[in-house]
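Remarks on the structure that follows.
Numbering (this note's numbering), first residue to last: 451 to 642.
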């Protein structure tokens, strides 16, 4: 099977590639998608794509997805995110840096990094992938949600939620503080 090669962007400073994630009802099926060029407009509105924020991960393990029928290697963390995001019946339009930016072209990487705030800011929403759910992930996210909505966090059992919250905040994604700048520029953030 041949490896996918990124075609050149018509403008590296004002165009991006978006990923069309193909649906599949079988959770274990191969991931198939397409890439297409998309011009970012000089506007304040959002566009009909979702930007994926995730940690590349320290794992050297690579898994295969298929872009236009050609093989493309991604990290296991990105692979898991795409599996989770893949819809059963509908295509999803996603921007994910490791796929949408040609990582073998230093000039493109440099130009795309310069417009990353715009990429995240103009997305319909940003999806934060923290990794596979742990047994206490829901408890931690719920406690954070409650704490954020109350003026003073009143939990009968603060110690019970402290450990799950600390475990959540120790995930690799939170070590990438620079992404916070981009997330601030978007209106909708989701954890799927």
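From the three backbone atoms N, C-alpha and C, an ideal C-beta is built for every residue, glycine too.
Problem set entry | Whole-angstrom distance between residue 569 and residue 520, CA atom to CA atom | Taking the straight line joining both Cα atoms gives about 26 Å.
Exercise. What's the gap between the Cα of residue 541 and the Cα of residue 499?
Worked result: Going by the C-alpha atoms only, they are around 11 Å apart.
Problem set entry | Residue burial classification, residue 486 (beta-carbon count within 10 angstroms, cutoff 16) | The residue is exposed, with fewer than 16 neighbouring Cβ atoms inside 10 Å.
Exercise. Less than 8 Å separating the beta-carbons of residue 407 and residue 527?
Worked result: No information on residue 407 is available, as it lies outside the stretch 451 to 642 that the chain covers here.
Exercise. For residue 479, which of 548, 538 and 550 has the nearest alpha-carbon?
Worked result: Selected option, being the one with the closest Cα: 538.
Exercise. So, residue 557 versus residue 462, is the Cβ gap smaller than 8 Å?
Worked result: With respect to residue 462, residue 557 sits close: the two C-beta atoms are nearer than 8 Å.
Exercise. Which class does residue 543 belong to by DSSP, given the choice of helix, strand or coil?
Worked result: Residue 543: strand per DSSP, three-state reduction.
Problem set entry | Assigned exposure category for residue 525 - 16 Cβ within 10 Å defines buried | With a 10 Å radius around the Cβ and a threshold of 16 neighbouring Cβ atoms, residue 525 comes out buried.
Exercise. So residue 550 and residue 467 are in contact, right, with Cβ under 8 Å, and what is the actual spacing, rounded?
Worked result: Contact holds; Cβ gap of about 4 Å.
Problem set entry | residue 568, enclosing alpha helix (DSSP H) - first and last residue | Counting along the chain, the alpha helix (DSSP H) containing residue 568 begins and ends at 566-571.
Exercise. Helix, strand or coil for residue 560 per DSSP?
Worked result: Of the three classes helix, strand and coil, the one that applies to residue 560 here is helix, per DSSP.
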